[in-house]
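Top line first, the protein sequences correspond to chains A and B.
Per the numbering used here, residue 89 is the first one in the first sequence, and the count goes up by one each step.
Per the numbering used here, residue 4 is the first one in the second sequence, and the count goes up by one each step.
Each residue gets a CB set at the ideal place from its N, CA and C atoms; glycine is no exception.
Below is one structure; the comments refer to it alone.
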Amino acid sequence: MRAYVLSRVVQTALVVFLSLTAVFAMMRLSGDPVLLFMPMDIQAKDVNEFRERLGFNDPLPVQYWHFVTGALRGDFGESLRYKQDALGLVLERLPATLLLAGASLLLTVGIALPLGVVSAVRRNSLLDHVGTVATVLGQATPGFWLGLMLIFLFSVKLRWLPTGGTGSVAHLVMPAIVLAAFFSARIARLTRSAVLDVLGEEYILTARAKGLGEGRVVGKHTLRNSAIPIVTLAGLEAGQLLGGAVITETIFAWPGLGRLTVQALLNRDFPVVLAAVFLISVMYTLTNLLVDLLYGWLDPRVRLR
Amino acid sequence: MKKWLGIGLTAAAFAAAVLAPWLAPHDPLAADFVQSLRPPGTPGHPLGTDQLGRDLLARVLYGARLALFIGTCTVLITAMVGGLLGLVAGFVERWPAAVLMRIADVQLSFPFILLAMTINAIVGLGLRNIILSLSAAGWVVYARVVRGEVLSVKQRDYVQAAAALGTGRARLLFRHVLPNVAPSIIVVASLQFSAFIVAEAAISFLGFGVQPPTPAWGSMLSESRDFLYFAWWLAAFPGAALALTALGVNLLGDWLRDTLDPKLRV
């Protein structure tokens, strides 16, 4: 187990390092990176001074070294708009996003998992059919449209919920639903097919043959064995969940990481963009590290590999 | 059911896209301030008009044109580039392949939409750049799936036999391996197609894609937010068009997967 954990941690560190390199490479896409880091109102004669100050006249390997060492110290430069430390600004917004993601995850686990399990166990029942239609629709409905329609229904027509902002549980309801919708649809579908796969296994037949109640067959023998593909997908989709947060937070004016990133992109505030993109990629990588470690717990065979 | 609904909705979307100039009752860009914000059912404007009095039906139809054009271009580019890279990475198995797959891993750690949006913000907006940024963010899935398939296909007897007979590597790859991984490429392409259309709309919604006044579903939805209190149709119809198109293509992709490649889970 220790070797397993260690090798996963090393791999994670490698991916984090490579994603830093990717962020560095991304800045060069425009050709002249100094244009991304200058205040809008700067004079032409100051451009060279700016270039010198930001180190863009150094050879590329030197720039890369400065960028990586800076980033590892948490230094992505100063926000052009807020004149504050870029990473600090990003970290300030992190709790709001984590709250939103946590609420969506809770919704997903509370709705999608039971729905998938029951659909598989009661295959071809009315609930199964309703569930299938709901998941297919959920996967096709874009989050930002669902968000607008919910605002129209619950804020404009019924006046039950605020259109956006933060401050109370009521503010959290619609963003969490929108963020959870797509995710839940995928998880519910996969849970159904994973549980169906396991229900066809011989050890389930054995469990039934020896007279175990249906509750134990499903609860104990089936669920744990179908958990691996579900957890895998949940980990892989975590990145899309964070991507979805970008849109959801913008619609509902939720003061999180996603909205900050969009605003920074609109303001061409690239130090903040880079810090945010890097933090999101680190969070995603850590989530998948967690998923890998969960495997070891769920399926002891994985530890031996 | 799945099959016919999928084919029907997809065909309808493509028909709307191709026939937009003939189906649209008005010019999608023609403003008419006298007729602004008319509800659906207004004579001459079946789906109503927007804040500038532009016909909503015409804008939704032309929106289909743009969405499907971007989706088609992106799918073709990513299928070719990602498919080719996956093919070679699975076949060669030397260090460049390993490097390529690590790059794919790293790229997957950035959310797709955020990556495409950041590229757009850096290299500039516009139709060509959207297609390129979506492609740059989307090739990974093909490379991964195709590489995995090639790794197993090249061990099969018929490939080994052809190699033993002295078939050249290029011929081996394109004559014997490629036809057997083609179904996976088609399935991934159909499932990615709707992802690209929705992503393009999301990016345009956030303001980094197709710019107004060009009728794109995403930017139409974005503009509709200011009028949500008294003009629900501005948000409802472009979004419904987008969701139905995505639904149709998804169902088609599901059906293709069930028929061509039941093992594949994307």
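- By the neighbour-count criterion, in which a residue is buried when 16 or more other Cβ atoms sit within 10 angstroms of its Cβ, A/W233 is buried.
- Judged by their CB atoms, A/A341 and A/G255 are not nearer to each other than the 7 angstroms cut-off.
- In the three-state reduction of the DSSP assignment, B/H29 falls in the coil class, being assigned neither a helical nor a strand state.
- Under the Cβ criterion of 7 angstroms, B/P114 is counted among the residues facing chain A.
- The beta carbons of B/A202 and B/F72 sit about 14 angstroms from each other, so the pair does not count as a contact at 8 angstroms.
- The beta carbon of A/I335 falls within 7 angstroms of a beta carbon belonging to chain B, placing the residue at that interface.
- Cβ-Cβ separation between A/L177 and A/V360: approximately 6 angstroms, consistent with a contact (criterion under 8 angstroms).
- If you ignore the 5 residues before and after B/L154, its C-beta comes within less than 6 angstroms of the C-beta of G93, all in its own chain and listed in chain order.
- Bridge pairing for A/E166: A/D173 [DSSP].
- In this structure, the alpha-carbon of B/H48 lies about 9 angstroms from that of B/H29.
- Per DSSP, the unbroken alpha helix (DSSP H) holding B/P99 starts and ends at 98 to 111.
- Note on geometry: alpha-carbon atoms of A/G165 and A/D146 lie some 17 angstroms from one another.
- The C-beta distance from B/D108 to A/V103 rounds to 6 angstroms, short enough to fall under 8 angstroms.
- Not a single C-beta of chain B is nearer than 7 angstroms to the C-beta of A/G158.
- With a beta-carbon spacing of about 5 angstroms, B/T81 and B/S138 fall inside the 8 angstroms limit used to define contacts.
- Around B/W235, the beta-carbon contacts reaching into chain A at under 7 angstroms are F240.
- Comparing alpha-carbon positions, the option among A/M114, A/R90, A/T185, A/F138 lying closest to A/R347 turns out to be A/T185.
- Taking a C-beta distance under 7 angstroms as the contact criterion, B/L254 and B/G9 qualify as a contact pair.
- The C-beta of B/G242 comes closer than 7 angstroms to at least one C-beta of chain A.
- Using a Cβ-Cβ cut-off of 7 angstroms, B/Y232 counts as an interface residue toward chain A, since at least one Cβ of chain A sits closer than that to its own.
- For A/F232, at least one C-beta of chain B is nearer than 7 angstroms to its own C-beta.
- Ranked by Cα distance from A/A189, the options A/G327, A/V350, A/L117 are led by A/G327.
- Per DSSP, the unbroken alpha helix (DSSP H) holding B/M223 starts and ends at 220 to 227.
- The continuous alpha helix (DSSP H) containing B/V84 extends over residues 59 to 95.
- Going by C-alpha positions, B/A34 is about 39 angstroms away from A/T223.
- Within chain B, the residues whose beta carbon sits less than 8 angstroms from that of A/S107 are V109, S112, F113, listed in sequence order.
- B/T52 sits in a strand when the DSSP states are folded into three classes.
- Going by DSSP, B/S197 is part of the alpha helix (DSSP H) stretching over 181 to 209.
- Taking B/A234 as the centre and dropping the five residues before and after it, the same chain places the C-beta of L40 closer than 6 angstroms to its C-beta, in chain order.
- Sixteen is the threshold: when 16 or more other Cβ atoms of the shown chains lie within 10 Å of the Cβ of B/K157, as they do, the residue is buried.
- Burial state of A/L160 is exposed, judged by a 10 Å Cβ sphere holding fewer than 16 other Cβ atoms.
- According to the DSSP assignment, A/M237 belongs to the alpha helix (DSSP H) that extends over 231 to 238.
- Under the DSSP definition of a beta bridge, B/T45 partners with B/H48.
- With respect to chain A, the C-beta atom of B/A124 has a partner C-beta closer than 7 angstroms.
- B/K5 carries a helical assignment under DSSP once its states are collapsed to helix, strand and coil.
- Under the DSSP assignment, A/V306 falls outside any alpha helix (DSSP H); it carries neither an H nor an E label.
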